[in-house]
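Peer 1: All letters in the sequence shown, in the order written, are residues 1 to 423 by the numbering used here. For glycine and all other residues, C-beta sits at the position ideal for the given N, C-alpha and C. Dropping the structure in here first, questions after.
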Amino acid sequence: MRLSFYLDKPERQSSSIMLNVALGGKRFRFGTGVIIDPKHWNAEKGSVRSTDPHRNANQKKLNHISEFVRTCYNELIPSGKEKILSSDDLANFTNRIRTFLSPTEDTETTRPRTFEQRFEEFIKNYTIRTRNGMITSNRPGPRMLSLYRLVLNDILAWSAARRRPLSFETINEDFHADYCSWLLQERGLVDATVSNHTKVIKTFMKWARQKGYHTETGWENFWRDKRTAKSIALTLDELHVLRDADLSGFPKLDRTRNLFLIQAFTGLRYGDVRSLEPGHFDDDAGVIRFITEKTDAKCTIPITAPLAKLLEQFPTREFRFPTNQEMNRELKVLGEHVGFDKTSSVSHYQAGKRIESKHQRFELLTTHVARSTYISTSIRFGIPEAVTSIATGHASKGMMQTYYIILSEEAVRDMVCKAWEQL
């Protein structure tokens with residue numbers, strides 16, 4: 001038996017450490033669960049360099065894995081001499097290693113689990129990875145888990161419609177081409193939605209490989225069309241009209257307006273703004289501190305004058321937000337009521353073709369428009385994009401944005417609040 005550790009993706013900023021075991025004329029590949037910056041990996045020795053800030057923990061785990069595998073081998077071949085191993089011998093050997101590396105896995109049976117069962121396990125157990133590949137203990141939010149479930153259901157529907165079996169080996173470029181075509185033609189999805197399906201499949205396949213469930217690589221080349229549909233943002237005039245509209249005789253529309261403006265004055269995603277609690281508000285410091293659900297990013301949101309005035313209606317800082325679908329329906333009613341009847345063109349992509357359509361602006365009102373409004377208004381007021389990203393939770397881009405991100409909380413607050421006095 002030969003045992004070695006190596007980096008899965010040495011050319012990237014972070015990479016999983018993989019275990020390779022050669023036994024009985026076959027090679028077996030397992031994910032160790034350890035992720036490291038390649039510069040801290042000694043490829044010649046197959047070990048963690050002393051420069052790794054987590055060297056003790058990472059190398060200790062690799063040593064434990066190595067010790068366990070050798071113990072399994074010695075129990076399989078007590079004499080230490082190679083023998084002809086049966087398929088059952090190899091299956092038991094690899095199952096013991098997988099169970100050791102994934103102790104939470106259901107081990108009531110050693111029978112190989114199906115592709116569908118592994119995807120169900122992924123939905124049940126997957127935790128969010130950071131941008132540099134580190135594994136967190138945070139679970140995806142309800143909307144993302146619903147997307148995972150939708151993708152699995154669509155893959156199963158595709159398999160039944162095409163009469164093609166599912167396995168890790170079949171998730172290749174031919175599958176991807178036909179699956180995307182099926183989503184476009186049979187389901188009528190737009191390119192952005194198909195792209196989300198591809199992203200989920202790649203996330204699942206990467207997770208499964210790190211778990212040691214497969215060694216396939218074809219899925220890494222699945223291309224995603226990242227072009228998104230063009231949305232709208234409210235103009236300053238429209239924002240004034242909405243804020244100042246007399247809705248005293250329409251309590252439901254008044255509530256919808258206020259909830260929309262909270263989002264438009266904070267820049268939060270709707271899923272995040274629904275999670276706001278009194279503890280997130282530091283009125284003395286004049287900021288809202290929040291960790292976003294989607295990207296696990298820390299946001300520092302200045303309480304600007306327009307937001308502070310609006311929050312006077314919510315002294316307890318407790319809000320009742322409807323579901324995203326309900327809110328989107330109410331926003332269209334609200335937009336029509338306040339006269340957002342000008343025509344705007346929007347576009348989306350389907351099968352690579354750009355499709356434009358014209359709508360009255362109230363028809364285009366959604367919760368996402370609030371976030372777009374915050375960003376576009378902030379930029380119009382002269383706030384640098386890098387500072388705006390501190391509130392919205394977007395990733396930094398280049399040296400300039402990294403520089404702004406280290407600004408003090410007070411500096412960001414003062415800059416944003418001063419700019420929003422123009423509203």
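With DSSP as the reference, identify every bridge partner of residue 73, one or two as the case may be.
Peer 2: Residue 73 sits at position 73 when you count from the first residue of the sequence shown. For residue 73, which the question treats as bridged, DSSP gives no partner whatsoever.
Peer 1: In the DSSP output, which residue or residues are listed as bridge partners for residue 31?
Peer 2: Translated into the one-based positions of the sequence shown, residue 31 becomes position 31. Residue 31 is bridged to 18.
Peer 1: Would DSSP call residue 340 helix, strand or coil?
Peer 2: One-based indexing of the sequence shown puts residue 340 at position 340. Reduced to three states, the DSSP call for residue 340 is coil.
Peer 1: Which same chain residues, not among the five before or five after residue 183, have their C-beta less than 6 Å away from its C-beta?
Peer 2: Within the sequence shown, the letter at position 183 stands for residue 183. The residues are 189 and 194.
Peer 1: Report the rounded CA-to-CA distance for residue 424 versus residue 165, giving the unit in angstroms.
Peer 2: Nothing about residue 424 can be reported from this structure: the residues present for the chain run from 1 to 423 only.
Peer 1: Between 332, 286, 366 and 76, which lies nearest to residue 414 when the distance is taken from Cα to Cα?
Peer 2: On the sequence shown, position 414 is the one that residue 414 refers to. Of the candidates 332, 286, 366 and 76, the one whose C-alpha sits nearest the C-alpha of residue 414 is 286.
Peer 1: Of all the options 125, 144 and 114, which has the alpha carbon lying nearest to the alpha carbon of residue 136?
Peer 2: The residue you call residue 136 lines up with position 136 of the sequence shown. Residue 125 is the option with its Cα nearest to residue 136.
Peer 1: Short check: CB of residue 214 to CB of residue 154, under 8 Å?
Peer 2: Indexing the sequence shown from 1 puts residue 214 at position 214. Indexing the sequence shown from 1 puts residue 154 at position 154. No, the pair does not count as a contact, with Cβ atoms beyond the cut-off.
Peer 1: Can you give me the C-alpha to C-alpha distance between residue 280 and residue 232, rounded to a whole angstrom?
Peer 2: Within the sequence shown, residue 280 is the residue found at index 280, counting from 1. Within the sequence shown, residue 232 is the residue found at index 232, counting from 1. Those two C-alpha atoms are separated by around 29 Å.
Peer 1: Strictly by DSSP, which residues pair up with residue 359?
Peer 2: Along the sequence shown, one-based indexing puts residue 359 at 359. DSSP, once it has assigned bridges, lists 344 as partnering residue 359.
Peer 1: Does the region 59 to 73 come within contact of the region 23 to 35, defined as at least 3 CB pairs closer than 8 Å?
Peer 2: With the cut-off at 8 Å, the region 59 to 73 and the region 23 to 35 touch.
Peer 1: Looking at the structure shown, is residue 5 part of a helix, part of a strand, or coil, going by DSSP?
Peer 2: As a first step, residue 5 is located in the sequence shown; it is residue number 5 there, counting from the start. Residue 5 falls in the strand class under three-state DSSP.
Peer 1: Would you decide whether residue 293 is buried or exposed? Buried here means 16 or more other CB atoms lie within 10 Å of its CB.
Peer 2: By one-based count along the sequence shown, residue 293 stands at place 293. Buried: at least 16 other Cβ atoms inside 10 Å.
Peer 1: Between the beta-carbon of residue 310 and the beta-carbon of residue 261, is there less than 8 Å?
Peer 2: What you label residue 310 is simply residue 310 of the sequence shown in a count that begins at 1. What you label residue 261 is simply residue 261 of the sequence shown in a count that begins at 1. Their beta carbons are under 8 Å apart, which means residue 310 touches residue 261 by this criterion.
Peer 1: To the nearest angstrom, how far is it from the Cα of residue 143 to the Cα of residue 75?
Peer 2: Taking the sequence shown and counting its residues from 1, the one referred to as residue 143 is at position 143. Taking the sequence shown and counting its residues from 1, the one referred to as residue 75 is at position 75. Going from the Cα of residue 143 to the Cα of residue 75 covers about 47 Å.
Peer 1: I need the DSSP call for residue 262, collapsed to helix, strand or coil.
Peer 2: Here the question's residue 262 lines up with position 262 in the sequence shown. The answer is helix: DSSP assigns residue 262 an H, G or I state.
Peer 1: Please name the residue in 204, 3 and 367 whose C-alpha comes closest to that of residue 324.
Peer 2: Start at 1 with the first residue of the sequence shown, and residue 324 comes out as number 324. If we check each option's Cα against that of residue 324, 367 comes out closest.
Peer 1: Name the residue from 20, 329 and 275 whose alpha carbon lies nearest to the alpha carbon of residue 319.
Peer 2: Sequence index remark: in the sequence shown, residue 319 carries index 319 (1-based). Taking only the C-alpha atoms, the option nearest residue 319 is 275.
Peer 1: Using CA coordinates, which residue listed in 25, 360, 212 and 55 is at the minimum distance from residue 18?
Peer 2: Indexing the sequence shown from 1 puts residue 18 at position 18. Minimum Cα distance to residue 18 is reached at 212.
Peer 1: From the DSSP output, in three-state form, read off residue 273 for me.
Peer 2: Translated into positions along the sequence shown, residue 273 becomes position 273. Here residue 273 sits in helix by DSSP.
Peer 1: Grab me the residues of residue 40's own chain with a C-beta within less than 7 Å of its C-beta, minus the 5 sequence neighbours each way, in chain order.
Peer 2: For this step, residue 40 is matched to residue 40 along the sequence shown. Excluding positions up to five away in sequence, the list reads 48, 49, 51 and 52.
Peer 1: Around the C-beta of residue 251, are 16 or more other C-beta atoms found within 10 angstroms, so that it is buried, or is it exposed?
Peer 2: Along the sequence shown, one-based indexing puts residue 251 at 251. With fewer than 16 other Cβ atoms within 10 Å, it is exposed.
Peer 1: Please state if the CB of residue 391 and the CB of residue 302 are separated by a distance shorter than 8 Å.
Peer 2: Here residue 302 corresponds to residue number 302 of the sequence shown, with the count starting at 1. Here residue 391 corresponds to residue number 391 of the sequence shown, with the count starting at 1. Yes, they are a contact pair.
Peer 1: Tell me which residues share the same chain as residue 173 and place their Cβ nearer than 6 Å to its Cβ, disregarding the 5 neighbours each side in the sequence.
Peer 2: To locate residue 173, count along the sequence shown from 1; it is residue 173. Contacts found: 218.
Peer 1: Taking C-alpha atoms, which residue in 332, 329 and 389 lies nearest to residue 480?
Peer 2: Missing from the structure shown is residue 480; the chain here goes from 1 to 423 and no further.
Peer 1: What are the partner residues of residue 289, as DSSP defines its beta bridges?
Peer 2: Counted from its first residue, the sequence shown places residue 289 at position 289. For residue 289, which the question treats as bridged, DSSP gives the partners 300.
Peer 1: Counting only the same chain and skipping the five closest in sequence on each side, list residues whose C-beta sits under 6 Å from that of residue 345.
Peer 2: Within the sequence shown, residue 345 is the residue found at index 345, counting from 1. Once the five neighbours on either side are set aside, the close Cβ partners of residue 345 are 356 and 358.
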